[in-house]
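Reading through the structure tokens given below for one structure.
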Amino acid sequence: MTTLETRPPLPPFTRDSAIQKVRLAEDGWNARDPQRVSLAYTADSRWRNRAEFVEGREQIVQFLARKWAKELDYRLIKELWAFEGNRIAVRYAYEWHDDSGNWFRSYGNENWEFDENGLMARRFACINDLPIKPEERKFHWPLGRRPDDHPGLSELGL
Numbered sequence: 013m014t015t016l017e018t019r020p021p022l023p024p025f026t027r028d029s030a031i032q033k034v035r036l037a038e039d040g041w042n043a044r045d046p047q048r049v050s051l052a053y054t055a056d057s058r059w060r061n062r063a064e065f066v067e068g069r070e071q072i073v074q075f076l077a078r079k080w081a082k083e084l085d086y087r088l089i090k091e092l093w094a095f096e097g098n099r100i101a102v103r104y105a106y107e108w109h110d111d112s113g114n115w116f117r118s119y120g121n122e123n124w125e126f127d128e129n130g131l132m133a134r135r136f137a138c139i140n141d142l143p144i145k146p147e148e149r150k151f152h153w154p155l156g157r158r159p160d161d162h163p164g165l166s167e168l169g170l
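Residue numbers (this note's numbering): 13 to 170.
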């Protein structure tokens with residue numbers, strides 16, 4: 013017997029369910045567990061991340077493992093931008109440092125398309141990295157999930 017994978021909330025999205033989907037994605041990425049994160053995507057999910065093209069869960073796991081090995085102390089905030097049917101657009105920012113202690117804030121936009129089971133089938137990401145000084149950091153929660161009372165991007169003026 014085959015178990016059908018589902019990842020609620022399911023499309024078509026309402027404003028509330030789209031906001032919930034965005035927060036669940038943020039929480040997953042902040043856990044920095046490539047295998048766990050990959051399960052939110054279809055087995056044949058296709059990505060464009062900057063200039064890199066990724067296809068399927070195995071490549072997603074490899075991509076994320078490389079990403080988080082380079083982007084140390086990664087902390088991410090995502091915010092809903094728009095939604096319709098089975099698609100969601102988000103904007104986000106994350107802070108991280110390299111192995112030399114140089115800090116960055118990376119800004120980006122993503123377009124997501126979900127299958128009927130709530131798994132992301134396509135992800136298109138555009139990202140820019142801005143070097144910042146340690147005292148310019150805005151994301152100071154302990155590694156992992158962003159606390160509910162921590163400001164989001166709009167509240168932080170980002």
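Note that the Cβ used here is the ideal one computed from N, Cα and C, for glycine as well.
Q: State the beta-bridge partners of W59 as determined by DSSP.
A: For W59, which the question treats as bridged, DSSP gives the partners V66, R135.
Q) In whole angstroms, what is the alpha-carbon distance linking K145 and D28? A) Straight-line Cα distance between these residues: approximately 36 Å.
Q.
Let me make sure I understand the geometry here. Which of D127, S118, D39, K33 has the alpha-carbon closest to that of G156?
A. Ranking D127, S118, D39, K33 by CA distance to the CA of G156 puts D39 first.
Q.
Can you give me the C-alpha to C-alpha distance between G113 and E70, rounded to a whole angstrom?
A. In this structure, the straight-line span from the alpha carbon of G113 to that of E70 is close to 30 Å.
Q) Exposed or buried, which one is S50 when buried takes at least 16 other CB atoms within 10 Å? A) Buried, since its Cβ has 16 or more Cβ neighbours within 10 Å.
**Q.** DSSP-derived helix/strand/coil call for A94
**A.** Assignment of A94 by DSSP, reduced to helix, strand and coil, places it in the strand class.
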